[in-house]
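To start, the structure under review is shown below, and the notes come after it.
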Amino acid sequence: MNKEAISDYPLHDLIKRRWSPRAFSKKSVEPEKLRSLLEAARWAPSSGNEQPWRFIVTRKDEDEAFELLRACLNEGNQAWAKNVPVLMLSIAKMFRGDDVTRPNRTALYDVGLSVGNLVIQATALGLHVHQMGGFDAQKARQTFQIPAHFEPIAAIAVGYLGDPAQLDEKLREREIAPRERKPLRELIFTEKWGESSSIIEK
Ligand SMILES: Cc1cc2nc3c(=O)[nH]c(=O)nc-3n(C[C@H](O)[C@H](O)[C@H](O)COP(=O)(O)O)c2cc1C
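Take any residue in the sequence shown, count from 1 to its spot, add 183: that is its number in our numbering.
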């Protein structure tokens, strides 16, 4: 099964190889690797160096909180996430400094950057990551006592690749399907919105 990005232009191997599986191995993630992932997240850039990212980290074998977090996922995600050894929740601090009345307009962007770092570090360590917007944010807020002005953003599964045979037929098909992207010409503009930039050749 080759899930590498079929790119129009050269890519770094870590970007090429990253993808979001649903079939995870039961093998647990070494604590030192997990710490490296979180360290990579910590070293992301952020507006004003606000570092608005927070993470709840739960390990299937170690933490009772794992099942509490899994219970916050929507049904579809819960089904495949049962084998995942690590489940996290990314949370954004939505204000600047100590002043909850000063909104941080880039908080979500910064949290995304930090998870981007985490994902690349995970790929370098032979791990896979699957992020999920499909979870009950209100339930997560209550379960983990997340304060007001902090927003749960995404659940994040981390682990080693598993056998697609463990998935039901529909998910198995998606698991082995080639990955798709919009063409760059639909995304990159210069003078006029919607008109492709000349830097893009096709
Ligand atoms: C913020 C975010 C939320 C996502 N939510 C879900 C989700 O709830 N369930 C799911 O199965 N995949 C989810 N995904 C995974 C995407 O579907 C996946 O990244 C996309 O299809 C591209 O595939 P690739 O990551 O393998 O390149 C999410 C990804 C991101 C970044």
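All C-beta atoms, glycine included, are put in the ideal place defined by N, C-alpha and C. Keep in mind that this is a model prediction, so the values were computed, not measured.
- Gln314: member of the beta strand (DSSP E) spanning His311 to Met315, first to last residue.
- The closest heavy atom of ligand 1 lies 7 angstroms or more from the beta carbon of Asn185.
- Taking a cut-off of 8 angstroms for Cβ pairs, the region 188-197 and the region 317-324 do not touch, as fewer than three such pairs fall below it.
- Note that the C-beta distance between Leu217 and Val298 is not below 8 angstroms.
- Beyond the five residues adjoining it in sequence on each side, Asn300 comes within less than 8 angstroms, by CB distance, of Ala223, Ala224, Trp226 and Ala227 in the same chain, given in chain order.
- Gly316 places its beta carbon 8 angstroms or farther from that of Ala206.
- Secondary structure in the region 203-269: the alpha helix (DSSP H) runs of 4 residues or longer, each lying completely within the stretch, are 214-225, 248-253 and 258-263 in chain order.
- Taking Ile239 as the centre and dropping the five residues before and after it, the same chain places the C-beta of Leu272 and Phe327 closer than 6 angstroms to its C-beta, in chain order.
- With a beta-carbon spacing of about 6 angstroms, Arg279 and Glu233 fall inside the 8 angstroms limit used to define contacts.
- Straight-line measurement puts the Cα of Ser380 at about 45 angstroms from the Cα of Ser211.
- Between Ala275 and Val294 the beta-carbon gap is near 5 angstroms, inside 8 angstroms, which marks them as a contact.
- If you compare the alpha carbons of Ser230, Glu215, Glu258 and Leu310 with that of Leu197, the shortest gap goes to Leu310.
- Here the alpha carbon of Arg357 sits roughly 14 angstroms from the alpha carbon of Glu187.
- In the DSSP assignment, Arg285 falls within the beta strand (DSSP E) that extends over Asp282 to Pro286.
- For Gln349, the CB contacts under 6 angstroms within the same chain, skipping 5 residues up- and downstream, are Ala206 in chain order.
- Between ligand 1 and the CB of Ala323, the shortest heavy atom gap is not smaller than 7 angstroms.
- Taking all protein chains shown into account, Arg285 has fewer than 16 neighbouring C-beta atoms within 10 Å of its C-beta and is therefore exposed.
- For Ala275, the three-state secondary structure derived from DSSP is strand.
- No heavy atom of ligand 1 is found nearer than 7 angstroms to the CB of Trp226.
- With a beta-carbon spacing of about 7 angstroms, Val312 and Ser203 fall inside the 8 angstroms limit used to define contacts.
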